[in-house]
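If you count by the numbering used here, then the sequence shown holds residues 19 to 308, one letter each, in order. Cβ atoms here follow ideal geometry from the backbone N, Cα and C, with glycine treated the same way. Working notes for the structure below.
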Amino acid sequence: MESGFGLYLAMPVGTVTGIADWWRRVDSSVLWQERIWLGLAIAYAVIAVIALVQLIRIRFRAPEYGWTTQKVFHLLNFIVNGVRAAVFCFREDVQALSPEILQHVLLDLPGIIFFTTYTLLVLFWAEIYHQARSLPTDRLRPMFLIINAAIYLSQVFIWGYLWYTPSSLMLTVAKIFFAVVSLVAALGFIIYGGRLFLMLRRFPIESKGRRKKLREVGCVTAICFICFTIRSFIMAFSVFNKAMDLDVLYHPILNGIYYTVVEIIPSALVLFILRKLPPKRPPGQYHPIR
19 MESGFGLYLA MPVGTVTGIA DWWRRVDSSV LWQERIWLGL AIAYAVIAVI ALVQLIRIRF
79 RAPEYGWTTQ KVFHLLNFIV NGVRAAVFCF REDVQALSPE ILQHVLLDLP GIIFFTTYTL
139 LVLFWAEIYH QARSLPTDRL RPMFLIINAA IYLSQVFIWG YLWYTPSSLM LTVAKIFFAV
199 VSLVAALGFI IYGGRLFLML RRFPIESKGR RKKLREVGCV TAICFICFTI RSFIMAFSVF
259 NKAMDLDVLY HPILNGIYYT VVEIIPSALV LFILRKLPPK RPPGQYHPIR
């Protein structure tokens, strides 16, 4: 008779085998592929609409401010999620595009814009921190633009190389590039988000809005650091494990989990946390803010 201990060991193995079989069946099912792509498209479309509505609300609430960091953040969120929604809605058509470089552009570009969108928060927090510490801020914005320009130019070079000379080596370089970019974003959040959080903690307890701002900075820092770290790890791991390949039709579950964890959930949470509208200025005190 099999011992109780033997049965205990056998149960997890059977469970894991069952999950693996189910995973393979779903990956090979055209119906499930279509359901997952459609689910991702709907989720991205909802977030895009929320970002657009919030942008319009901010525009009507404080039109005198011009294009502030908050407005650009919501605009970029709308663009990223809108493009993602369109790509996943027509996922099979995108996969059939020719030349193949068009597929890479449509799948990679939203990820780069996602980086720009959320590092805007890092820039905003860095400016607040430097101003509070009486440190110079004149180099922060140019540095942000230089870093982003370098990333976009590097990505264009990768696309150009893949267009003229498609190679598995350059695809590996592209994955490593995305992993490094994501790691840079994660470090930016932990450095400046962490600094701003610690600075706010030192403010007097009676400071107006201190607790709310402390919670806001802490939550956004944690969410963005985790999502970009996971993104970096998965992209780096996919270089050495073909079973972790993303942006392919035959891995719908992996794609569903990946995009939900590193983009959809973080975007939804951050938009919810940063939902507060800017205060209205009293009549006669409207001045453009640069």
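Consult DSSP for residue i and reduce its assignment to one of helix, strand or coil.
| i | result |
| --- | --- |
| Gly227 | coil |
| Asp263 | coil |
| Ala38 | helix |
| Leu153 | coil |
| Phe251 | helix |
| Leu56 | helix |
| Ser256 | helix |
| Phe221 | coil |
| Leu49 | helix |
| Leu115 | coil |
| Gly22 | Unreliable placement is indicated for Gly22, whose pLDDT of 46 sits below 50; no coordinate value is reported for it. |
| Ile307 | Note that Ile307 scores 35 on pLDDT, short of 50, meaning its location in the model is unreliable; the coordinates nonetheless yield the value given after this. Note: Ile307 maps to coil in three-state DSSP. |
Between which two residues does the alpha helix (DSSP H) containing residue i stretch?
| i | result |
| --- | --- |
| Gly129 | Ile119 to Ala150 |
| Met161 | Leu158 to Tyr182 |
| Ser200 | Ser186 to Gly206 |
Is it the case that the CB of residue i approaches a heavy atom of the ligand PLP more closely than 7 Å?
| i | result |
| --- | --- |
| Tyr179 | No copy of the ligand PLP appears in this structure; indeed no ligand is present at all. |
Between the alpha carbons of residue i and residue j, how many angstroms are there, rounded?
| i | j | result |
| --- | --- | --- |
| Pro284 | Ala63 | 15 Å |
| Val98 | Ile248 | 19 Å |
| Leu232 | Arg293 | 15 Å |
| Ala254 | Ile244 | 15 Å |
| Pro384 | Arg75 | Lying before the first or after the last residue shown, residue 384 is absent from the chain, which here runs from 19 to 308. |
| Met217 | Gly84 | 29 Å |
| Pro160 | Leu93 | 21 Å |
| Ser186 | Phe258 | 12 Å |
| Ala240 | Thr137 | 14 Å |
| Gly100 | Ala38 | 33 Å |
| Leu141 | Gly36 | 47 Å |
| Ile119 | Asn273 | 20 Å |
| Pro154 | Val288 | 28 Å |
| Pro270 | Asp126 | 17 Å |
| Val199 | Val280 | 14 Å |
| Arg311 | Ala286 | Past the edges of the chain, shown from 19 to 308, lies residue 311, and the structure says nothing about it. |
| Leu158 | Tyr170 | 18 Å |
| Val67 | Leu73 | 10 Å |
| Leu214 | Trp50 | 44 Å |
| Val48 | Cys242 | 33 Å |
| Trp181 | Phe78 | 44 Å |
| Asp263 | Ile252 | 9 Å |
| Ile176 | Met188 | 7 Å |
| Gly236 | Lys230 | 10 Å |
| Tyr277 | Arg102 | 10 Å |
Strictly under 8 Å for the Cβ-Cβ distance: is residue i near chain C by that measure?
| i | result |
| --- | --- |
| Gly129 | Although the question refers to chain C, the structure presented lacks it and comprises just one protein chain. |
(request) Write down every uninterrupted run of the alpha helix (DSSP H) in the region 61 to 108 whose length is 4 residues or greater and which is fully enclosed by it, in chain order. (result) 87 to 107
(request) Give, in chain order, every unbroken run of the alpha helix (DSSP H) that is at least 4 residues long and sits entirely within the region 273 to 302. (result) 283 to 291
(request) Check whether the region 166 to 178 touches the region 123 to 137, counting contact only when three or more Cβ pairs, one atom from each stretch, lie closer than 8 Å. (result) yes
(message) Does the contact criterion of 3 or more C-beta pairs under 8 Å hold for the region 102 to 116 versus the region 139 to 159?
(response) no
(request) Say whether the region 58 to 75 touches the region 101 to 108, bearing in mind that this needs 3 or more beta-carbon pairs closer than 8 Å, one atom from each stretch. (result) yes
(message) Closer than 8 Å is the cut-off here; do at least three beta carbon pairs connect the region 209 to 217 with the region 189 to 201?
(response) no
(request) Report yes or no: do the region 40 to 55 and the region 89 to 97 share at least 3 C-beta pairs separated by less than 8 Å? (result) no
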